[in-house]
Structure formats: structure tokens, C-alpha cells
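Chains as they are written, first to last, in this note's numbering: chain A, 1 to 407; chain B, 1 to 388.
All C-beta atoms in this analysis are idealised placements derived from N, C-alpha and C, irrespective of residue type, glycine included.
Before any comments, here is the structure.
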Amino acid sequence: MTTRTQTPVEREELISGSEAIARACALADIDVVTAYPIRPYDTVMQFVSKLIADGELKCEFIIAESEHSQFEIVKHASAVGARTFVGSSGVGWFYAMEAIAVTAGLRLPVVAMVGNRALDDPGAFGCEHNDALAVRDLGWLLTWVSSGQEALDTALIAWRVAEDPRVFLPCAISADGAFLTHAQQMVRVPDKGLVERFLPPYRRGEFQLHPDNPITIAPQVNEDWLMEMRKQSDAAMRRARGVIVEACDAFERVFGRKLTPFVEEYMTEDADTILVGMGTLAMPIKVAVRRLRAQGQKVGFLRLKWFRPFPVEDVQRVLSRAKAVGVIDRDYSFGSPFHSGVLSHEVRSALYDAAARPPMVSFVAGLGGREVTQPLATEMFTIAGQVARSGRSDNETYWIGVRGKQS
Amino acid sequence: MTTYAVEVVYRGVFQKTLSRNICRGIVLAAHKEGKVGTAFGRYGDSPERNGVPAKYFAVVADDRIELEESLAKYEPKEVDVTICADDTLCRGLESWGWYGLQAINALTKENGTLIVTSKQTPESLLEDIHRTDTPYNLAILSGPASFSGLWVYKDDHTDVRILGALAKVLPGLVGLESYCQAIEEQWKSGAKVVSARRSYEQLHVRPVEPGEGSSAPRFSFEKPGWEEMKEALVVQGVAKGAGFRGGDGGFQAGRSEVFKKFSTRTMRPVINFEICTKCTLCWLQCPDTCFDVTPDGLYDVNTEACCGCGVCEDVCPVPDCITMVGEEHFKDNFSQYDWYQRDKEGYRQWLKGITAAQSAQKRSHGLHHWGQYQEELAAAGRGDNDDN
Numbered sequence: 001m002t003t004r005t006q007t008p009v010e011r012e013e014l015i016s017g018s019e020a021i022a023r024a025c026a027l028a029d030i031d032v033v034t035a036y037p038i039r040p041y042d043t044v045m046q047f048v049s050k051l052i053a054d055g056e057l058k059c060e061f062i063i064a065e066s067e068h069s070q071f072e073i074v075k076h077a078s079a080v081g082a083r084t085f086v087g088s089s090g091v092g093w094f095y096a097m098e099a100i101a102v103t104a105g106l107r108l109p110v111v112a113m114v115g116n117r118a119l120d121d122p123g124a125f126g127c128e129h130n131d132a133l134a135v136r137d138l139g140w141l142l143t144w145v146s147s148g149q150e151a152l153d154t155a156l157i158a159w160r161v162a163e164d165p166r167v168f169l170p171c172a173i174s175a176d177g178a179f180l181t182h183a184q185q186m187v188r189v190p191d192k193g194l195v196e197r198f199l200p201p202y203r204r205g206e207f208q209l210h211p212d213n214p215i216t217i218a219p220q221v222n223e224d225w226l227m228e229m230r231k232q233s234d235a236a237m238r239r240a241r242g243v244i245v246e247a248c249d250a251f252e253r254v255f256g257r258k259l260t261p262f263v264e265e266y267m268t269e270d271a272d273t274i275l276v277g278m279g280t281l282a283m284p285i286k287v288a289v290r291r292l293r294a295q296g297q298k299v300g301f302l303r304l305k306w307f308r309p310f311p312v313e314d315v316q317r318v319l320s321r322a323k324a325v326g327v328i329d330r331d332y333s334f335g336s337p338f339h340s341g342v343l344s345h346e347v348r349s350a351l352y353d354a355a356a357r358p359p360m361v362s363f364v365a366g367l368g369g370r371e372v373t374q375p376l377a378t379e380m381f382t383i384a385g386q387v388a389r390s391g392r393s394d395n396e397t398y399w400i401g402v403r404g405k406q407s
Numbered sequence: 001m002t003t004y005a006v007e008v009v010y011r012g013v014f015q016k017t018l019s020r021n022i023c024r025g026i027v028l029a030a031h032k033e034g035k036v037g038t039a040f041g042r043y044g045d046s047p048e049r050n051g052v053p054a055k056y057f058a059v060v061a062d063d064r065i066e067l068e069e070s071l072a073k074y075e076p077k078e079v080d081v082t083i084c085a086d087d088t089l090c091r092g093l094e095s096w097g098w099y100g101l102q103a104i105n106a107l108t109k110e111n112g113t114l115i116v117t118s119k120q121t122p123e124s125l126l127e128d129i130h131r132t133d134t135p136y137n138l139a140i141l142s143g144p145a146s147f148s149g150l151w152v153y154k155d156d157h158t159d160v161r162i163l164g165a166l167a168k169v170l171p172g173l174v175g176l177e178s179y180c181q182a183i184e185e186q187w188k189s190g191a192k193v194v195s196a197r198r199s200y201e202q203l204h205v206r207p208v209e210p211g212e213g214s215s216a217p218r219f220s221f222e223k224p225g226w227e228e229m230k231e232a233l234v235v236q237g238v239a240k241g242a243g244f245r246g247g248d249g250g251f252q253a254g255r256s257e258v259f260k261k262f263s264t265r266t267m268r269p270v271i272n273f274e275i276c277t278k279c280t281l282c283w284l285q286c287p288d289t290c291f292d293v294t295p296d297g298l299y300d301v302n303t304e305a306c307c308g309c310g311v312c313e314d315v316c317p318v319p320d321c322i323t324m325v326g327e328e329h330f331k332d333n334f335s336q337y338d339w340y341q342r343d344k345e346g347y348r349q350w351l352k353g354i355t356a357a358q359s360a361q362k363r364s365h366g367l368h369h370w371g372q373y374q375e376e377l378a379a380a381g382r383g384d385n386d387d388n
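In C-alpha cells, the structure reads:
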């Protein structure tokens with residue numbers, strides 16, 4: 001037994017969400033990072049290259065000739081046992097889609113940052129979630145963060161969960177373009193020694209491509225094999241739930257800060273009306289909750305931190321006691337049931353066999369990076385409140401803040 | 001309610017159109033009799049690849065409802081007739097769509113028929129064909145392996161001759177007259193109709209009793225559940241330093257125990273070890289990594305892994321060191337190196353004879369100019385439409 005002589009420290013710094021993730025790269029001591037510029041993700045690559053130039057991080061920094069190569073390179077680096085980081089936004093992420101799909105199929109724990117951005121054309125820098133959501137079915141762990149602090153913390157958790165041999169799945173951290181990637185807030189940056197206690201080295205074991213371990217990966221298979229391989233990925237994604245909980249427990253032991261694994265509940269305990277959303281939408285909605293609470297309205301907000309694996313138990317537990325639930329999508333799914341966004345469908349599906357099934361209503365808000373203002377946040381609570389009073393779901397999907405008629 | 005199924009076992013690219021024509025001919029002829037059918041190639045096969053064994057199917061039912069029972073399947077569970085237009089496939093075949101060597105008659109029903117185009121006798125063919133537990137019939141259409149339908153080859157009427165033979169062995173499927181009508185419509189050729197009728201008359205059918213045929217083992221393979229399979233799509237390779245047959249010297253590549261691919265081959269390389277300069281080119285260039293490096297630095301062809309592409313013969317800088325020899329000269333996948341080590345003089349004599357026999361032959365895949373096939377037929381003393 002040794003006595004602790006020194007309490008490891010966290011230092012507060014004024015940094016953006018992108019810089020917070022770059023700092024996490026240095027703390028995690030990544031081996032390979034690849035880059036190709038696209039806003040808003042490109043801020044991360046700039047911060048990572050600065051950390052390398054400043055001598056705070058030693059790693060291979062490879063500027064690829066396209067996003068496709070960018071993601072291919074980390075895929076291969078991960079196969080030989082390198083801890084990797086990569087990222088993109090919007091159509092850049094889409095251009096890498098083939099590599100993105102096989103990275104999950106090959107069970108390679110690449111960690112990526114998606115700076116959420118609308119899909120061009122027309123060219124638009126603003127935030128929409130359709131870029132990251134496009135990979136929701138492929139075996140990527142998907143998480144949405146809402147602050148610089150959460151970006152840094154979640155990145156460390158991402159490597160720990162993705163690289164866990166029970167999981168071995170890639171993880172994408174979604175950060176809303178502009179509101180998170182480009183905004184600086186005070187963030188507690190932990191000491192590297194502290195991070196080492198939290199994040200074990202990446203060991204790929206018998207799956208590592210190495211001359212001493214001659215293996216072939218990615219063989220051609222037919223209908224006799226692929227279904228079993230998909231089932232293995234399914235099992236890994238199921239196991240990831242427990243591994244995320246473990247990681248959050250370990251995070252509290254090491255850093256002394258408590259994290260709820262899957263969701264953030266904001267004044268939901270006695271709420272009649274609960275809005276659900278992801279990412280930086282949380283900010284205006286939480287402000288609206290406080291203001292409406294001050295007027296005596298029982299409203300609350302549920303923020304999903306993880307989208308894959310989907311926190312079905314938390315969603316059922318929190319929402320089944322509400323009188324109405326409104327789901328806010330910063331994305332679209334044209335032609336889908338009720339013409340709502342993707343999150344709304346997932347929440348409806350999760351609630352189908354909940355103990356009590358609350359009436360629901362769907363919102364599409366903040367597309368193209370449009371701000372969700374206080375009047376708009378209040379409007380959503382008002383509509384959800386009407387649903388609570390009527391006791392029946394409203395199958396209209398409300399476009400909040402759009403100019404012109406609803407439908 | 002009767003559903004009939006027929007398969008054509010063929011070699012990739014060379015016989016792809018031939019097999020398609022046969023199966024489409026069956027379905028179109030069945031249509032003449034008011035029946036409905038489907039024709040399809042086995043999806044997992046790779047029929048554009050040189051020599052790869054592949055399958056084409058025709059399934060015919062009395063009506064649409066009945067046919068639905070045979071749709072959305074990769075292949076029928078069993079077939080009434082198996083057709084093979086290259087008798088080197090009689091030893092068994094391994095397609096890209098499955099694992100391990102399958103018997104040519106694996107799907108042939110009890111009392112069904114195997115139709116082979118061949119110059120061999122039934123007895124000689126039965127030395128190659130796996131034995132079965134149930135009786136079936138072997139029908140031989142006299143003729144060589146046909147590439148009819150491949151654009152550089154002349155139409156030798158093998159497609160319609162097989163349809164005529166089918167009318168004989170499986171009259172319940174479609175009658176000869178319906179085939180003739182369909183042939184007339186499809187090909188607009190009276191000569192092809194005559195070929196079909198002749199084949200119907202001349203077909204030789206021999207009953208095969210259970211137990212007759214080759215005793216070579218049939219392939220079987222237990223597929224594991226997902227929990228037992230290695231994760232992350234990983235296939236174990238050969239350990240570093242693996243020597244020739246597990247020894248200390250030489251080198252041997254890692255190979256699948258269940259996926260061999262050699263039935264793709266119609267020729268194999270034969271090595272003259274005494275003039276080999278150990279230049280490594282065959283070993284480097286072989287696309288299937290089939291050369292094993294022996295402890296004395298020679299290169300032995302692992303004939304279980306060889307697809308017979310002939311690249312080694314092309315790249316070998318020493319004249320007559322590697323010679324591609326037709327598969328009809330071999331019965332198994334023996335090691336030439338072992339024989340050479342055991343009996344140098346005997347090997348020399350065999351090598352001399354086998355390569356001399358080869359000098360008159362052209363490679364099965366080596367078409368270099370327009371009209372070469374016709375020239376080869378003329379050189380072999382055979383005119384057009386050999387048996388028609």
C-alpha cells in the first residue's frame with residue numbers, strides 16, 4: 001500500500017467544444033489522427049495540430065485527400081492496434097460513408113467527432129442532426145453532448161467503451177455546429193495522470209493485425225455467415241449498455257464527478273409535460289422550463305446523451321409518468337410516420353410497451369442551425385400542454401419557427 | 001401438382017451463356033404447354049470467372065401458385081435432372097457459393113438422371129462420379145466440353161441437343177414437340193430443331209446402381225453458431241516461420257481446410273525440377289499462393305489450391321520448366337515433388353511423356369485470335385457440328 005501524496009488536479013480553462021475534444025485527444029494519448037477540412041469539424045483538427053506543435057501530444061497526424069481516405073486510414077490504424085481519432089461534418093461524413101460502414105462491421109473502435117451540420121446542397125454551415133443519424137443502424141455508438149465539459153468527458157468515456165473487448169465498436173460524438181464547436185466555456189481539464197487511471201491502453205488482442213499474429217480481416221462471406229456476424233455486432237451493442245454504466249461509475253471514482261450514463265433529467269420528477277431532445281437544444285429548453293416553473297407550470301426536459309445504444313429503460317421510466325411528451329428533432333425524416341424527425345419515432349417506439357403510454361406530439365426545430373429562441377421553446381411547451389389536457393396524441397408534426405403555414 | 005427442377009453445372013464464363021440458353025429453353029418450352037417456370041443462375045457463384053464451377057437452374061410448375069413454392073430460393077433442394085456440359089466436372093465441383101467439394105450428383109433425385117456431354121464411356125465416367133445411396137441414370141451425349149454461346153466460339157448446337165435429351169429422360173416436364181417449337185421461335189433455325197430431334201433419338205442412358213462410382217469422400221461441414229465464431233471477421237493465418245508441411249525448412253502458405261477451389265481447374269502446372277533455377281517468379285506471381293517452398297528451395301504445386309490459371313507457366317523464364325497439362329491426365333492432387341524425391345528416374349520418364357502429349361494442345365483459356373477455335377477444330381480433324 002502506498003499513501004497518496006498528491007491529489008491529482010483538474011484545471012479550469014476557457015475553451016470551445018472543439019478544443020475540449022482536442023484536449024481529450026491529447027489526454028487519451030491517441031496514436032493516429034486523420035484530418036480533412038470541413039466546417040465545423042475542422043476546428044478540432046486545428047486544435048489537435050496545435051497540441052502536437054506545442055509538444056503536448058505525440059501522434060501521427062495525417063491529412064487525407066478526402067474524407068473517404070480520412071476514415072479508411074483510421075480504420076486500418078485501429079486494426080493494427082492504434083488508438084485513433086477522426087471526424088467530419090455533414091456531407092464530408094457522408095462522403096466517408098463506405099469506410100464508416102465497414103469500420104463498424106469490422107468492429108474497430110475508432111472514435112469520431114461529428115460536428116453536426118446540414119447536408120449540402122444548398123451549402124449551409126448550420127446544425128442539423130441528419131449527418132450523424134444516418135449511421136444509426138450500422139453499429140456505431142452514437143452520443144450527443146451539450147457542453148464543452150461534456151464533450152471532453154464523453155470523449156474519454158468513448159475510447160474506454162469503444163475499446164472495451166466486450167464492445168469493440170466505433171463511437172461518434174456529435175457536437176452541434178456553432179453552438180458547441182465554436183463557443184468557449186469554462187471546462188475542467190483533468191491531469192493526464194488522472195486520465196491514465198481511467199482509460200486503459202487499447203489492446204486488440206487476437207484481433208490485432210500484426211506480423212506476430214497473422215490474421216486476415218474482412219473476408220468475403222456469403223449468406224451462410226453474414227447473419228451470424230451481424231448477430232455478433234448486435235450482441236456487442238447490447239453489452240455496450242453495461243460497459244457505459246461501468247465507465248460512468250469509474251469516471252466518478254477517478255475524477256470525483258458524477259455522470260448519469262444515458263440521460264439528463266431536468267425537473268422531470270413531478271412534471272406533467274416533458275420535452276425530449278438532444279444536444280445544445282437543452283440550453284433554451286432548460287431556460288424555458290425554469291421560467292414556466294416560476295409561473296407554476298409543471299414542465300420538465302429529458303435530454304438523451306446516447307442515441308445508440310438507445311436508453312429505452314430511462315425513456316420508459318421518465319416519460320411513462322408524464323401527461324404529455326413532446327419530442328424535438330433537429331433533423332427530418334421526410335415521408336416517415338407522422339412526418340416527424342428520427343428521435344420522435346425512436347421515442348414512440350420505446351414507449352409502445354411502457355407501463356403507461358403518454359400522449360405524444362412531435363416537433364421539428366432549429367433546422368439549418370436556426371436558433372431555438374425562448375418564444376419558440378415556450379410554444380412547444382404550450383402545444384404539449386394542450387396535448388396533456390386533451391389526453392390524446394397530436395399526430396401533427398409542428399415545425400417550430402418555420403415561416404408560413406404548418407401544413 | 002408436379003414441379004420439375006433441372007440444373008446445369010457449368011464452368012464460369014465459358015459455358016455461362018450455354019447454361020442460360022438451356023434453362024431458358026426449358027422454361028420457354030414449358031410455356032408452350034401452359035406451364036410456368038423460372039430460370040436463374042446461382043447467386044453466390046461467380047460465373048464471370050475463368051473456369052469456376054457454377055450452376056444454372058430451371059424450375060417448372062403447373063401454375064403460378066405452385067411455382068411460388070420454388071421462388072426466392074438460391075437453389076432447389078433436389079433436381080430431376082443434372083446436366084453437365086464439361087465432363088471434368090464429374091469429379092465434383094466447388095463453387096464460390098459454398099464450401100468444399102460437392103458431388104456432381106449431389107442434388108440429383110432418386111431415379112433422376114445425370115446428362116453429361118462426354119467422349120468417355122459411362123464406366124470411365126463412373127470412376128470419377130461420386131457413388132450414391134440411391135439408383136439414378138447416367139445419360140451421355142457424345143461430344144467435347146462445349147463453349148457454345150461464348151461469343152468467340154461457333155454454335156455447336158449443344159444447347160438444343162441437351163433439350164432433345166431432356167425430352168427423352170424427363171418427358172413429363174416438356175415434350176419434344178414443345179422443345180422444337182420453342183427452339184424454332186428462339187433461334188429461328190431449322191438445323192437446330194434437327195439437332196434436338198437427333199439427340200432425342202440417339203441418347204444413350206445407363207442405369208446406375210447404388211454403390212457404383214467413386215468412393216472419394218463427400219464433403220460435410222458443421223456451421224457454428226454466432227457465439228462460437230471468432231468475432232471481428234477475423235480469419236487466422238499461418239504462424240510466422242511455418243515451414244514446408246510443418247517442418248523447419250522451406251515455407252508453406254496458410255490455406256483454408258474447407259475451401260479448396262481446385263475444381264475450377266481444367267489444366268495444372270507440371271514442374272521439371274531439374275531445370276528450375278529457383279528464381280521465385282512462379283511463387284510470387286501465383287494469384288492463389290499455391291506454390292510451397294520446399295526445404296531445398298524448389299517450388300511444389302499444392303494442387304488442392306491451384307486453380308489452373310497458367311500464370312506460372314507464363315512467368316517462368318526457363319523454357320519447358322513449367323508446362324500446363326490437361327486434367328484428364330490426372331486422377332488426384334498428388335505432390336509432384338514427393339514423387340520426384342521418391343523416384344527421380346520414374347518422374348523424368350513420366351514428365352517426358354506428359355509434356356510431349358501436351359505439346360499438341362492449346363490452353364483452354366488461351367484464345368488469342370479470331371477464328372482460333374475453328375482452326376483448332378480443323379487441326380483436330382473435326383468439322384463443324386461434329387455429331388449432328
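THR294/B is positioned such that its CB atom lies closer than 7 angstroms to that of TYR337/B. In this structure, the beta-carbon distance from SER19/B to TYR56/B falls below 7 angstroms. As DSSP reads the structure, GLN102/B sits in a beta bridge with LEU93/B. Cβ neighbours of PRO47/B within its own chain (closer than 7 angstroms, five residues either side excluded): GLY12, VAL13, LYS16, GLY41, ALA54. At a cut-off of 7 angstroms between C-beta atoms, PHE207/A counts as an interface residue with respect to chain B. A contact between stretches requires three or more CB pairs, one per stretch, nearer than 8 angstroms, and the stretch 324-338 of chain A fails this requirement with the stretch 85-99 of chain A. The stretch 43-117 of chain A contains, as complete alpha helix (DSSP H) runs of 4+ residues, the segments 67-79, 90-95, 97-105 (chain order). The continuous alpha helix (DSSP H) containing ASN21/B extends over residues 16-32.
Judged by beta-carbon spacing, MET229/B lies beyond the 7 angstroms limit of GLU206/A, meaning their Cβ atoms are not closer than that value. The secondary-structure analysis by DSSP pairs LYS55/B across a beta bridge with VAL9/B. Using a CB distance cut-off of 7 angstroms, GLY237/B counts as an interface residue toward chain A. Here the stretch 121-141 of chain B lies against the stretch 188-206 of chain B, with 3 or more beta-carbon pairs under 8 angstroms apart. Between PRO135/B and PRO217/B, the C-beta gap is not smaller than 7 angstroms, which leaves the two residues out of contact.
In this structure, the straight-line span from the alpha carbon of ILE400/A to that of ILE383/A is close to 11 angstroms. Residue-level contact by beta carbon holds for LYS231/A and chain B, with a gap shorter than 7 angstroms.
Contact check for LYS32/B against SER199/B fails: the beta carbons are separated by 7 angstroms or more. Under the Cβ distance rule, ALA218/A counts among the residues neighbouring chain B, one pair being separated by less than 7 angstroms.
For the pair LYS192/A and VAL263/A, the Cα-to-Cα distance works out to about 27 angstroms. Boundaries around CYS84/B are those of the beta strand (DSSP E), 79-84, since no alpha helix (DSSP H) includes it.
Spanning the alpha carbons of VAL79/B and ILE162/B requires a straight line of approximately 16 angstroms. With respect to the 7 angstroms criterion, GLY391/A and PRO359/A are classified as neighbours on the basis of their beta carbons. Per the DSSP secondary-structure output, ASP300/B pairs in a beta bridge with ASP292/B.
Interface flag for TRP283/B against chain A is unset, since no Cβ pair is found closer than 7 angstroms. By DSSP's assignment, ILE322/B forms a beta bridge with ILE271/B. Within chain B, the residues whose beta carbon sits less than 7 angstroms from that of ILE215/A are VAL234, VAL235, GLN236, GLY237, listed in sequence order.
The C-beta separation of GLY92/B from GLN102/B comes to about 6 angstroms, placing the pair in contact by the 8 angstroms criterion. Secondary structure at ILE129/B: coil, using DSSP grouped into helix, strand and coil. Take GLU252/A, set aside five residues on each side of it, and the residues of its chain with a beta-carbon closer than 8 angstroms to its own are LYS258, LEU259, in chain order. Counting only Cβ-Cβ distances below 7 angstroms, LYS223/B has contacts in chain A at ASP224, in chain order. At a C-beta separation below 8 angstroms, GLY44/B has these neighbours in chain A: ASN222, GLU223. Around the Cβ of ASN272/B, a 10 Å sphere holds 16 or more other Cβ atoms; the residue is buried. For the 7 angstroms CB-CB criterion, VAL289/A and PHE307/A do not form a contact. In the three-state DSSP reduction, TRP144/A falls in the strand class (E or B). Within the same chain, and ignoring the five residues on either side of THR38/B in sequence, the residues whose Cβ sits closer than 6 angstroms to its Cβ are VAL59. If the five residues before and after SER335/B are omitted, its C-beta is found closer than 7 angstroms to the C-beta atoms of ASP300, all from its own chain and listed in chain order. For ALA196/B, the secondary structure class from DSSP, reduced to helix, strand or coil, is helix.
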